[in-house]
Every structure is written in structure tokens, then in C-alpha cells.
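Notes for the one structure printed next.
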RNA sequence: GGAGUGAUGGCCGAGCGGUUUAAGGCGCACGCCUGCUAAGCGUGAGGGUCCAAAAGGCCCGCCUGGGUUCGAAUCCCAGUCACUCCGCCA
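In the working numbering, the protein residues as written are 935 to 1366.
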């Protein structure tokens, strides 16, 4: 949600931002027109209310004194009707204004590169060696998974339909090992507090983090209870502090949460239709921070570094890109994606997305802090980032650590979580 | 699923039609006072709007939305959420 006062002060900034990302800049002018009218009506209404309050008070005393107040009452009744009429207009204007405001995206940070889509994202750095044009081409994770009998897409489809998966034996354990490794790293070494939160939330929470009202079609909604399945644990975790005023000493807050994520993938028909890359349910370890406005960009850099470290631990080549304007999304002012190298697809695939949402979510969810006990509350900045997507991490491990004989080496950092297993082979797994 | 209770400021908590500008308390900050600390006294801490800004004024604000009234935290209706007891259940 944007601040109407900021728009009033600097309309060009918002017009330009909308223009740059292909929006309609005239929405800003429409809002400003409504705003002028709204304020005019408020001033008129407030004058009448003052009059009513004063006269009503006097009437109370007169009535007590036994005077006849019927004439003055009737007159005030008319004032009351006038006030009601003005309030109706004001409410309508505010509702109109809000419905535009709540669908306008967070303006981009100055450093965000221009561009329409992910093609224009700016590569910041790479890590690890990438082998281009290998011969033969390494196997895709879905083939490997089925050959090793650790992922079963057919039976998943039988039970739940397309875009689902079933993990089995060492595959299920590997998924669990990856998640536990991520959580241990972030809690023990990176200073995050672990949160295990509900994966069903009310619509207010989704409004707070910006999924609603604009992106309802991406969500799964329960039919009988008005609850939604979360698309990411950013939703419950960021909303933990909704409506709160935090103390300065509490900041920054660092949370890490593990949860299932549910996405309807509406409009994604045909894209990444095989395998684990684009599915209706996956698991994710999510990093969430609440910071002061002056430290949020610095904290974003640290968050990206924390996510990179666990990927480095898995010995996966990757790159970090700064996401361009057109690909930035709704809530982020600045966003970095981490993309692992898929040797089978010979391309980089997103495995983490780290965003500084500045005060955009904080304003929607009412998350504030006090700089000093006597000062007025200000909105915090919220950040979130994957640290990392677990299913895609499993893809990265399978594809990057496969051996010519069809086996897959398990990265050292995961071995303690795999009950001593150091590699996945068909024979070895069959024996287990 | 059944029965009940409740939702008031940073927190606790009173008020149940008009001296409430939301009592009182706690916590916090600043100021005064004071060898120091404590105590005491004072001030301050939600949103909107007017004024170029500050100072200040006014309006709103007691879960949300409607209604009754000259006047609603208070009365009426609907909804949301929370809690308690019983039943069922991993």
C-alpha cells in the first residue's frame, strides 16, 4: 500500500515508476483528484460535526434544566442528515481511492535495472564452475528420480493430479535432510530464530503481505472456512507482528521458517510441466526480517549472502541476479534472485528470491516501531527471501552431483542427515 | 458439534445515553526538584484534516459494519476473532 501523502508530495516519482513498469500513470492523477475532493468534504463535514457536538452538549444541559429543546433538536437533526450525506460521499471516495492504492506496486529502488522481463535481469556474480555443452547431456532430475526410484510422479498424479510429486525412501529422506541442513545453518550460524507457523491463514494476512486482493487466482482457498493455503511462509511469519508497535531494541528481527507452500500456478499451463520445478505443493525454508528503514538495504545484502552460503554448502554452481523493473513484482523495491545451474536444461533456474519490501507490507499489515519511547511510531521495513526452496534444491543436488554410472553423490554437508549414506545408486537403494 | 463469556490506549482496567477533553493504575521517555538514587510534581506517546512549516485548532478513534438518537464506548441488529466448559478426535 502506498502512502497518499508521499504521492501528494512527489506525484512524478510515482507516475514515472508506473510508466516504467508498463502501468497506467494516469491512475496517480485520478487518485490525486479524488484526494483534493475528499479533503474538501472532510473539512466541511468536520465543521458541521463541531457544531453538532457543541449544540448537543448545550441541549443536554437545557434539557436537564427543563427547557423545551424540540425546535433546536429538529434543527440539529437536519445538520445530522447533512453530515451523514457528506460521510457517505467521503466513504465512497476513500473506498475508490483505496481500491486503486492497494493495487499499485511498491516503487522500485533507484538501482533496479530497467527491462520488461527476466531476460533483462542483471547478473551480479556467479559461483562454481559450469560445464556448457557437455556430451552426453546429464540427465534431468525427473529421469534420475524415477530411475533411482526415489521420486514417483505417476502415483502422485493418481492421488492428486498433475503438478504433484511423491518422494520415497532416500528421496524423501534427502528432502528432509536438505530442509534440516538449511534450518540448522540459519539458526545456528546466521542468527535467525526458527518459526513454525500455520500454513492456513485468513485473508487479512494475505492482504498484509500483498497477495490479496490482486493475486487471488494464484492461491488455493478452502471452500467452507474462508481460510487460504499459504503460497509461502512469508505470509504467516511477516504477519506475526501485524498491528504491533515494536521497540527499537527488538530490531532487527530475523526469523527463519520451514513450511509447505501451495500455489495454483494459474496461467502457467505448459511451463515446466514435468518434474519438481513448478508444482502445486513444495517446501521452503524462508528468511524474514523486520528492520529499521535505514538498515533494510544492508540487511538485504546479508540475507542474500546467507542464502548463498547454504547453496555453496551443497556445492551447486549458481548466479545471483538483480531483478529488473518488469520482473520485480508487486511488493519489492529491490529484489535479488539466486539461480542454480541445471546441467540437464543448460540454464539457470531460480532457487531463491530475496526482496526488500521497504514499508509497503508494513503499511498494509500495520507493523510499526518506536525509535525512542517518546517518539511517534514509524513503519518498519520488511524483507523476505528463500533460504532456500527445498524441492528445487533437491533438483540441484540430483542434477549436479550425478555420476556417469547413474548414481548421485550426496554432498558432505547432507551426509550427517542421511544416516551415513554417501551416494544414491539403484542397487544400493534397492538393498535398503 | 453443544453451551457460555468476552473484545476499551504501549499494557492492565473502569465506564453501560450528556461534567469522559476515555477515570484509575502499570510500564516507558523527557523536564522540574534533589549530594546521587528512589520518591514526588509536571509533560508526552493513535489516525485524519486545516495552516507554507512549526505552534496550535478541529474532527475521528473503545473489534468490524449497519441502525436508533439532538447526542452512542454505552442501546439495537449483523459479522469477525478470542477464551472457558462438555462431546468427538491425532
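No residue lacks a Cβ here, since even glycine has one placed at the ideal position from N, Cα and C.
For residue i, collect the residues of the same chain with a Cβ closer than 6 Å to its Cβ; drop the 5 residues on either side in sequence, then sort them by chain order.
i, result
"residue 1193", "1133, 1167"
"residue 1003", "993, 996, 997"
"residue 1221", "1190, 1237, 1319, 1321"
"residue 1054", "1258"
"residue 1334", "1250"
"residue 1148", "1037"
"residue 1311", "1179, 1302, 1304"
"residue 952", "959"
Straight-line CA distance for residue i to residue j?
i, j, result
"residue 1069", "residue 1291", "43 Å"
"residue 960", "residue 1142", "25 Å"
"residue 1316", "residue 1181", "15 Å"
"residue 1160", "residue 1214", "20 Å"
"residue 947", "residue 1145", "24 Å"
"residue 1071", "residue 1201", "30 Å"
"residue 1295", "residue 935", "7 Å"
"residue 1270", "residue 1289", "7 Å"
"residue 1226", "residue 1185", "7 Å"
"residue 1131", "residue 1217", "13 Å"
"residue 1040", "residue 1172", "17 Å"
"residue 964", "residue 1042", "21 Å"
"residue 1188", "residue 1170", "14 Å"
"residue 1045", "residue 1275", "26 Å"
"residue 1157", "residue 1083", "35 Å"
"residue 1081", "residue 1263", "38 Å"
"residue 1063", "residue 1337", "16 Å"
"residue 1339", "residue 1239", "34 Å"
"residue 1139", "residue 1309", "27 Å"
"residue 1207", "residue 1022", "50 Å"
"residue 956", "residue 949", "11 Å"
"residue 1298", "residue 1124", "28 Å"
"residue 1001", "residue 1008", "15 Å"
"residue 1231", "residue 1267", "10 Å"
Keeping to the same chain, check which residues put their C-beta closer than 7 Å to that of residue i; ignore five residues upstream and five downstream.
i, result
"residue 945", "962, 966"
"residue 1341", "1357, 1358, 1359"
"residue 1332", "1075, 1078, 1079, 1342"
"residue 934", "As shown, the chain starts at 935 and ends at 1366. That puts residue 934 outside it, with no answer to give."
"residue 1065", "1277"
Might you give, ordered along the chain, the residues of its own chain that have their beta carbon closer than 8 Å to the beta carbon of residue i, omitting 5 neighbours on each side?
i, result
"residue 982", "1013, 1016, 1017, 1020"
"residue 1100", "1085, 1086, 1087, 1089, 1090, 1093"
"residue 1010", "986, 989, 990, 993"
"residue 1028", "972"
"residue 954", "1042, 1048, 1259"
"residue 1174", "1129, 1131, 1189"
"residue 1212", "1097, 1199, 1202, 1205, 1206"
"residue 1265", "1039, 1040, 1143, 1144, 1289, 1291, 1294, 1295"
"residue 1059", "1253, 1254"
"residue 1306", "1182"
"residue 1121", "1127, 1128, 1190"
My guess is that residue i and residue j are in contact by the Cβ rule of under 8 Å, so how many angstroms apart are they, rounded?
i, j, result
"residue 1255", "residue 1242", "The Cβ separation is near 12 Å, so there is no contact."
"residue 1115", "residue 1347", "6 Å"
"residue 1303", "residue 1179", "7 Å"
"residue 1034", "residue 975", "No, residue 1034 and residue 975 are not in contact; Cβ-Cβ is about 18 Å, not under 8 Å."
"residue 1355", "residue 1106", "Actually they are not in contact, since the Cβ atoms of residue 1355 and residue 1106 sit about 13 Å apart, beyond 8 Å."
"residue 1152", "residue 1198", "6 Å"
Answer yes or no: do residue i and residue j have a C-beta to C-beta separation smaller than 8 Å?
i, j, result
"residue 1204", "residue 1119", "no"
"residue 1261", "residue 1051", "yes"
"residue 1196", "residue 1154", "yes"
"residue 1117", "residue 1109", "no"
"residue 932", "residue 1057", "Nothing in the structure corresponds to residue 932, since the chain is present only between 935 and 1366."
"residue 1287", "residue 1112", "no"
"residue 1330", "residue 1073", "no"
"residue 1176", "residue 979", "no"
"residue 1285", "residue 1245", "yes"
"residue 1325", "residue 1163", "no"
### Runs of beta strand (DSSP E) wholly within the region 1036–1109 (minimum 3 residues, chain order)
1056–1061
### Task
Just list the beta strand (DSSP E) runs in the region 1298–1358, keeping only unbroken ones of 3 residues or longer that don't cross its boundaries, in chain order.
1302–1304, 1311–1313, 1315–1323
#### Entry: Segments assigned alpha helix (DSSP H), at least 4 residues, entirely inside the region 1249–1306
1294–1299
### Query
What are the uninterrupted segments assigned as beta strand (DSSP E) that are 3 or more residues long and contained completely in the region 1200–1256, given in chain order?
1215–1225, 1252–1256
### Query
Where in the region 941–993 do unbroken runs of the alpha helix (DSSP H), each at least 4 residues long, occur, reported from the N-terminal end onward?
945–954
### Query
Fully enclosed by the region 1105–1148, which alpha helix (DSSP H) runs are 4 residues long or longer?
1137–1143
### Query
What are the start and end residues of each continuous alpha helix (DSSP H) run of 4 or more residues lying completely inside the region 1158–1190, in chain order?
1168–1172
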